[in-house]
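Below is one structure, written out as structure tokens, with a few remarks after it.
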Amino acid sequence: MLVREIGTDYLIVGAGAAGMAFADTVVSDSDAEVVIVDRRHAPGGHWNDAYPFVRLHQPAMYYGVNSMPLGTDTIDQSGLNSGLYVQASAPEICAYYDRVMRERLLPSGRVRYLPMSEHTGDGRVVSRLTGDSWDIKARKAFVDARYLEPGIPKTTPPPFEVEPGVRCVPVDELPQVTGNTIMAASVTNGMPSIHFSTALLIAWALWRWKWGRVFGIAFAIATMVATLGSGEHYLCDLVMAVPYALFVGWCGRRIASKRFRTASGCGAGERLSYAQRTGEARA
Ligand SMILES: Cc1cc2nc3c(=O)[nH]c(=O)nc-3n(C[C@H](O)[C@H](O)[C@H](O)COP(=O)(O)OP(=O)(O)OC[C@H]3O[C@@H](n4cnc5c(N)ncnc54)[C@H](O)[C@@H]3O)c2cc1C
């Protein structure tokens, strides 16, 4: 394996928005030399892997490097952004950074660009294509332009569990997927299962009536099968639904009996005063 030594003023790791802006300013405002290293094949950072339909959140004119404008300083006439300054799409941003590299940085003669190269630490850079290495000595500074690197769906594992045997793909890979596809639009519900505890409460309420008891049990069993079968709940959610239903039922009974007592007491009082009043009136 070949190891070469390179001396430069600035070693920049990351050819995304941050690294490219730094290199552009160095080239514009000084006579320093720069080496830019990136594990990706092209400048532009995460935009190379972003969904093709995503756009900047801000007007394109305020994004990119100082020396070269991105986009046109115009107002969109149609679409969701109608009436606002144009926003660049991911392919436009990648094409823009490619132009900055080819037309601005490399022609300066002071920038060396190592794409498809991994910085492994302490100035050591390894080519992902050939395995060759460089030891890069930065005379002025090592610039870590990975600092704000965002996690995007294409390059980060999903933030949820995927069952073994299930292939989980980011949305832009859906057209290549053949066979049955399930779009995961929601996660499973939590603990306890409110569906099952409601079914238990219905069974409880109908228990004294013979056919109500039959209906209540059948409904609870059907709810249990449906929630487990559809993957909406785990078994432990259903188990926890039993004490939850008992607690809710107990609270309901207490509140109802209190109300009943208050209501009947109040009613007797009203009846008495009415009798008194009518008696008084008759007398
Ligand atoms: C959909 C979306 C829209 C956005 N819109 C805006 C917006 O409108 N305005 C705004 O200001 N920001 C926006 N952002 C935020 C965005 O993160 C920044 O604008 C900017 O692109 C980040 O650039 P960066 O250079 O910090 O990171 P990156 O673009 O991720 O670049 C870091 C680079 O470092 C490389 N790298 C990492 N580790 C190594 C290593 N060990 N060796 C070699 N190379 C390495 C990576 O390959 C990568 O190319 C948006 C982000 C997303 C996802």
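My numbering puts the first residue of the sequence shown at 120, with every later residue one more than the last. Beta carbons are placed, not taken as given, at the ideal position from N, Cα and C, and that holds for glycine. Remember, it's a predicted structure, so these values are computed and weren't measured experimentally.
- In the structure shown, the three-state DSSP call for serine 201 is coil.
- In the DSSP annotation of this structure, glutamate 211 is not part of any beta strand (DSSP E); the continuous alpha helix (DSSP H) holding it starts and ends at 209-218.
- Close CB contacts of threonine 191 within its chain, under the 7 Å cut and outside five residues either way in sequence, are with Val205 (chain order).
- Per DSSP, reduced to three states, the secondary structure at phenylalanine 172 is coil, with no helix or strand assignment.
- Within the DSSP secondary-structure output, histidine 165 pairs in no beta bridge.
- Using a Cβ-Cβ distance cut-off of 8 Å, the region 123-136 and the region 250-257 are in contact, since at least three pairs of beta carbons, one from each stretch, lie closer than that value.
- Taken atom to atom, the span from the alpha-carbon of threonine 275 to that of leucine 319 is near 42 Å.
- Counting only beta-carbon distances shorter than 6 Å to the non-hydrogen atoms of ligand 1, the qualifying residues in chain order are Val132, Gly133, Ala134, Gly135, Ala136, Ala137, Gly138, Val156, Asp157, Arg158, Arg159, Gly164, His165, Ala169, Val173, Leu175, His176, Gln177, Tyr182, Glu237, His238, Ala264, Arg265, Leu267, Glu268, Pro269 and Ile271.
- DSSP places lysine 329 within a helical segment (H, G or I) once states are collapsed to three.
- Taking C-beta atoms as the reference points, proline 269 and histidine 160 fail to come closer than 7 Å.
- Taking the Cβ atoms as the reference, alanine 207 lies roughly 6 Å from leucine 189, within the contact range of under 8 Å.
- The beta-carbon distance between isoleucine 313 and alanine 322, rounded to whole angstroms, is 15 Å. This is too long to meet the 8 Å contact definition.
- Cα atoms of aspartate 150 and valine 262: separation of roughly 17 Å, rounded to the nearest angstrom.
- A Cβ-Cβ distance of about 12 Å is found for the pair tyrosine 182 and alanine 209, leaving them out of contact under the 8 Å criterion.
- Arginine 221 and glutamate 237 do not touch by the CB rule: their CB atoms are close to 23 Å apart, not below 8 Å.
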